[in-house]
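First the structure, in the form of C-alpha coordinates, and then the observations on it.
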Amino acid sequence: MKQKTKRHLLTIGLLSPMLVLALGSYDEEGASREVAEMEVEHRVSAQQLFSEYDANEVRAGQTYEDTVVAVTGTVDNIGRDIADTPYITFGTDNPIVGIQCMLAESDAGLAASVDSGDRITLKGRVSGKLGNVVIRGCQAE
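Numbered per mature numbering (1 follows the signal peptide of the UniProt record, and there is no 0), the sequence shown spans residues -22 to -1, 1 to 119.
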(Lines of atoms letter the chains of each structure in order from A and count residues from 1; the text may use other names and numbers.)
(Lines give C-alpha, C1' and ligand atoms only; values in the text may rest on other atoms or scores of the structure.)
Protein backbone atom coordinates (compact mmCIF):
# COMPACT_ATOMS: atom_id res chain seq x y z
CA MET A 1 0.00 0.00 0.00
CA LYS A 2 1.29 3.46 -0.81
CA GLN A 3 2.48 5.68 2.02
CA LYS A 4 -0.09 8.38 1.17
CA THR A 5 -2.97 5.88 1.34
CA LYS A 6 -1.74 4.61 4.71
CA ARG A 7 -1.66 8.17 6.06
CA HIS A 8 -5.23 8.83 4.87
CA LEU A 9 -6.46 5.62 6.49
CA LEU A 10 -4.67 6.50 9.73
CA THR A 11 -6.19 9.99 9.71
CA ILE A 12 -9.67 8.61 9.12
CA GLY A 13 -9.15 6.05 11.88
CA LEU A 14 -8.09 8.73 14.34
CA LEU A 15 -10.83 11.22 13.46
CA SER A 16 -13.73 8.76 13.37
CA PRO A 17 -14.07 8.37 17.17
CA MET A 18 -14.01 12.15 17.60
CA LEU A 19 -16.78 12.52 15.02
CA VAL A 20 -18.89 9.92 16.83
CA LEU A 21 -18.45 11.75 20.14
CA ALA A 22 -19.22 15.12 18.55
CA LEU A 23 -22.41 13.80 17.00
CA GLY A 24 -23.41 12.21 20.30
CA SER A 25 -22.87 15.35 22.34
CA TYR A 26 -26.13 17.02 21.34
CA ASP A 27 -27.31 19.39 24.07
CA GLU A 28 -30.09 17.38 25.71
CA GLU A 29 -30.40 19.90 28.58
CA GLY A 30 -31.21 22.69 26.13
CA ALA A 31 -33.54 20.45 24.15
CA SER A 32 -35.35 19.45 27.34
CA ARG A 33 -35.88 23.10 28.35
CA GLU A 34 -37.26 23.92 24.89
CA VAL A 35 -39.58 20.90 24.85
CA ALA A 36 -40.91 21.77 28.33
CA GLU A 37 -42.23 25.08 26.98
CA MET A 38 -43.77 23.63 23.80
CA GLU A 39 -47.20 22.16 23.17
CA VAL A 40 -47.58 18.58 22.00
CA GLU A 41 -48.40 18.52 18.27
CA HIS A 42 -48.95 14.77 17.84
CA ARG A 43 -50.04 12.00 20.22
CA VAL A 44 -48.97 8.59 18.94
CA SER A 45 -48.11 5.13 20.13
CA ALA A 46 -44.52 4.03 19.77
CA GLN A 47 -45.64 1.31 17.37
CA GLN A 48 -47.61 3.77 15.21
CA LEU A 49 -44.68 6.21 14.99
CA PHE A 50 -42.25 3.43 14.13
CA SER A 51 -44.62 1.92 11.54
CA GLU A 52 -45.06 5.27 9.81
CA TYR A 53 -41.28 5.75 9.55
CA ASP A 54 -40.82 2.15 8.43
CA ALA A 55 -43.47 2.46 5.69
CA ASN A 56 -42.28 5.81 4.29
CA GLU A 57 -39.44 7.63 6.02
CA VAL A 58 -39.81 10.75 3.86
CA ARG A 59 -43.53 11.17 4.57
CA ALA A 60 -43.08 10.45 8.28
CA GLY A 61 -40.23 12.93 8.43
CA GLN A 62 -42.40 15.63 6.87
CA THR A 63 -45.09 14.91 9.44
CA TYR A 64 -43.04 14.48 12.62
CA GLU A 65 -39.48 15.86 12.39
CA ASP A 66 -38.91 18.95 14.52
CA THR A 67 -42.35 18.59 16.09
CA VAL A 68 -43.13 17.76 19.71
CA VAL A 69 -44.81 14.41 20.20
CA ALA A 70 -46.25 12.55 23.16
CA VAL A 71 -45.36 8.93 22.51
CA THR A 72 -46.82 6.08 24.55
CA GLY A 73 -45.39 2.61 24.61
CA THR A 74 -43.82 -0.24 26.50
CA VAL A 75 -40.29 0.35 27.76
CA ASP A 76 -37.86 -2.03 26.09
CA ASN A 77 -34.45 -0.82 27.23
CA ILE A 78 -32.97 1.81 29.54
CA GLY A 79 -29.34 2.83 29.20
CA ARG A 80 -26.71 5.38 28.18
CA ASP A 81 -25.28 5.99 24.72
CA ILE A 82 -21.62 6.33 23.74
CA ALA A 83 -21.66 9.97 24.93
CA ASP A 84 -23.12 8.86 28.31
CA THR A 85 -26.53 10.39 27.53
CA PRO A 86 -29.41 8.55 29.23
CA TYR A 87 -32.12 7.08 27.03
CA ILE A 88 -35.26 4.96 27.11
CA THR A 89 -36.30 2.83 24.14
CA PHE A 90 -39.81 1.70 23.38
CA GLY A 91 -40.40 -1.74 21.94
CA THR A 92 -41.90 -2.16 18.48
CA ASP A 93 -42.61 -5.11 16.22
CA ASN A 94 -39.00 -4.85 15.01
CA PRO A 95 -36.64 -6.62 17.45
CA ILE A 96 -33.60 -4.62 16.31
CA VAL A 97 -34.68 -0.98 16.01
CA GLY A 98 -37.47 1.08 17.54
CA ILE A 99 -38.09 4.42 19.23
CA GLN A 100 -35.19 5.91 21.23
CA CYS A 101 -36.02 8.75 23.63
CA MET A 102 -32.95 10.75 24.67
CA LEU A 103 -33.04 12.39 28.11
CA ALA A 104 -31.16 15.28 29.65
CA GLU A 105 -28.85 14.34 32.51
CA SER A 106 -31.19 16.29 34.81
CA ASP A 107 -33.94 13.82 33.79
CA ALA A 108 -31.81 10.71 34.40
CA GLY A 109 -33.96 10.01 37.47
CA LEU A 110 -36.82 9.25 35.10
CA ALA A 111 -34.73 6.57 33.41
CA ALA A 112 -33.77 5.20 36.81
CA SER A 113 -37.41 5.02 37.90
CA VAL A 114 -38.77 2.84 35.09
CA ASP A 115 -38.29 -0.81 34.24
CA SER A 116 -38.48 -2.79 31.03
CA GLY A 117 -42.12 -3.68 30.45
CA ASP A 118 -43.53 -0.50 32.02
CA ARG A 119 -46.04 1.43 29.89
CA ILE A 120 -45.24 5.16 29.88
CA THR A 121 -45.74 8.35 27.88
CA LEU A 122 -42.83 10.64 27.06
CA LYS A 123 -42.87 14.07 25.45
CA GLY A 124 -40.03 15.15 23.15
CA ARG A 125 -38.99 16.54 19.76
CA VAL A 126 -38.55 14.07 16.90
CA SER A 127 -35.16 14.46 15.24
CA GLY A 128 -35.50 11.73 12.61
CA LYS A 129 -34.56 8.15 11.94
CA LEU A 130 -31.02 6.92 12.40
CA GLY A 131 -31.65 3.20 12.78
CA ASN A 132 -34.01 4.03 15.64
CA VAL A 133 -36.50 6.86 15.40
CA VAL A 134 -34.81 9.37 17.73
CA ILE A 135 -36.74 11.74 20.00
CA ARG A 136 -34.71 14.37 21.87
CA GLY A 137 -35.28 16.35 25.05
CA CYS A 138 -37.64 13.69 26.37
CA GLN A 139 -39.44 14.04 29.67
CA ALA A 140 -42.43 12.52 31.42
CA GLU A 141 -45.72 13.83 30.13
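All residues carry an ideal CB built from backbone N, CA and C; glycine is no exception. It should be emphasised that the depicted structure is a prediction, and the values quoted were computed from it without experimental measurement.
- Where V46 is concerned, the enclosing beta strand (DSSP E) starts and stops at 46 to 58.
- Out of M80, D5, G8, D54, the CA that lies nearest to the CA of Q25 is found in D54.
- As computed with DSSP, F28 is found in no beta bridge at all.
- Taking 7 Å as the cut-off, the beta carbon of C79 is found closer than this to the beta carbon of G102.
- When C-beta atoms of the region 8 to 20 are compared with those of the region 56 to 74, fewer than three pairs fall below 8 Å, so the two segments do not count as touching.
- Only residues of its own chain outside the window of five on either side were considered, and among them Y4, E6, A9, M80, G102, R103, S105 have a CB closer than 7 Å to the CB of R114, listed in chain order.
- In terms of Cβ geometry, V46 and V13 form a close pair [threshold 7 Å].
- Distance from the CA of L108 to the CA of E119, rounded to the nearest whole angstrom, comes to 24 Å.
- In the DSSP assignment, A118 falls within the beta strand (DSSP E) that extends over 110 to 118.
- G95 and F28 have their C-alpha atoms roughly 18 Å apart.
- Bounds of the beta strand (DSSP E) holding S23 are 20 to 23.
- Contact between D85 and Q117 holds, with the beta-carbon distance rounding to 6 Å and staying under 8 Å.
- For V36, the three-state secondary structure derived from DSSP is helix.
- Secondary structure at T67: strand, using DSSP grouped into helix, strand and coil.
- The DSSP-derived three-state label of V104 is strand.
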